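Residue numbers for the sequence shown follow the working numbering, so the first one is 349 and each next one is one higher. Single-structure report; data block below.
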Amino acid sequence: GRSLGRSMVVIVLDELDALMSRSERQEVLYQLFELPGLKGSRAVLLGVANSIDLTTRTLPKLQAQGLEPRLVTFPAYNALELTSLLQQRMSTLPASWRSPLTPPPPVSSHSPSASAPVSNSPLAGPSAPAPVCAVSDMALMLCARRMAAAAGDMRRCLGAVRAALDLLVEEANEKEGEKGEEEDFFASPDSPPPQPASAPALSPAVSGVTVSHMAAALSAALKSPQVAAIMGLPLHAQLVLCAAKGAQARGGAKPGTGGYGLQGGPSKAAAVTMGKLQEAYCELCRRTSVPPGCYSEFQAMCNVLSGQALLGVANGKEERMRRVTLQ
349 GRSLGRSMVV IVLDELDALM SRSERQEVLY QLFELPGLKG SRAVLLGVAN
399 SIDLTTRTLP KLQAQGLEPR LVTFPAYNAL ELTSLLQQRM STLPASWRSP
449 LTPPPPVSSH SPSASAPVSN SPLAGPSAPA PVCAVSDMAL MLCARRMAAA
499 AGDMRRCLGA VRAALDLLVE EANEKEGEKG EEEDFFASPD SPPPQPASAP
549 ALSPAVSGVT VSHMAAALSA ALKSPQVAAI MGLPLHAQLV LCAAKGAQAR
599 GGAKPGTGGY GLQGGPSKAA AVTMGKLQEA YCELCRRTSV PPGCYSEFQA
649 MCNVLSGQAL LGVANGKEER MRRVTLQ
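Here you go:
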């Protein structure tokens, strides 16, 4: 009762980035951020997010109300820290899957396995196969360095390792399938029917996740959604984007001074009129020996790019005077 009323209440909001995805949740977040500022409030609000300027971009009213939160920045993991964390996670794998440089998990001196002779291991003996390394140390270091340069996110690091392991299993499945087809081809008619194949396991024939597996997984993990969307566009839509980028690179021209009709300064996105952008698009088509589309086709391509949030097309009375900006 009385002692509880004097105590502080700490509210922790994790993954604020996900909470910002829906507009109806923003009103709830505004109310939560207003709690510490209420008269007599004993509430403390802690928000955890991946972006430093998340509240500034998505909750602009907080600054106007004097409720802008205090930022506490934690540095991202560097390559050495990510490598160490990955090796710790690899130490939880079976002993035959571990990397040679990955430290084994600690074993108590009173544990029976600590005093057991090495010969009891199923992989012991001169004729036993060498242990299989699930993920090579070079692949782990490549993953750590690429992720440290990107964002230093440990979850994305683990996701890339998981994707690389999936590629390894897929490769093992293909090899097992090819081997089974070859055995079926050379099998005699009197041979017994084949037994159902079990799930493939890592074996000495499979060297584990290599640098090539990890590079392929990292390429997929670090690919920008916008880059993937642009690569899937038709040629003429890509040319429209190139023309808009070229117009933006020539930025600084004020409206009515010729050029491409660009406006704005360093703090504003450069804009170009639809008419001038169409002229730049036709000029680019001429230089690349590609027949340009008519104006209606050009307009349709701009609408498609606007729908994919690659171009911003403003409203206007005259079609050719509408402003277009790169998003």
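We put the CB at the ideal spot given by N, CA and C, even for glycine. Values in this document were obtained by computation on a predicted structure and should not be read as measured data.
Close CB contacts of G507 within its chain, under the 8 Å cut and outside five residues either way in sequence, are with A569 (chain order). Taking a cut-off of 8 Å for Cβ pairs, the stretch 415-432 and the stretch 378-385 touch, as three or more such pairs fall below it. The count of Cβ pairs closer than 8 Å, one atom from the stretch 503-519 and one from the stretch 581-594, stays below three, leaving the stretches out of contact.
Assignment of G580 by DSSP, reduced to helix, strand and coil, places it in the coil class. Look at V575 here: in three-state DSSP terms it is helix. Closest in alpha carbon position to V392, among A366, L361, T403, is L361. Q675 and V557 have their alpha carbons spaced roughly 38 Å apart.
The distance from the Cβ of L490 to that of Q574 is about 25 Å, inconsistent with a contact at the 8 Å cut-off. When DSSP reads this structure, I359 sits in a beta bridge with L393.
Between the alpha carbons of M649 and V588 lies a gap of roughly 8 Å. In the structure shown, A565 falls within a helical segment according to DSSP collapsed to helix, strand and coil. Across the set S560, L632, L566, M562, the C-alpha of L632 shows the shortest separation from the C-alpha of A595. Taking 8 Å as the cut-off, the Cβ atoms of L434 and G395 do not count as close. In the DSSP assignment, R671 is bridged to T621. Closest by C-alpha distance to Q379, out of L410, M356, D401, V358, is L410. Within the stretch 380-435, the complete alpha helix (DSSP H) segments at least 4 residues long are 402-406, 409-412, listed from N- to C-terminus. The criterion of a C-beta distance shorter than 8 Å is satisfied by T621 and M669. CA-to-CA, the gap between A628 and A577 works out to about 22 Å.
Contact between L516 and H561 holds: CB atoms are separated by about 6 Å, below the 8 Å threshold.
Annotation for Y643: Q626 place their beta carbon closer than 8 Å to its own, counting only its chain and skipping 5 residues before and after. Per the C-alpha coordinates, the member of L367, V358, D401, A565 positioned closest to C505 is A565.
At the C-beta level, M368 and L402 come within 8 Å of one another. Classified as exposed, M579 has fewer than 16 neighbouring CB atoms from the shown chains inside 10 Å of its CB.
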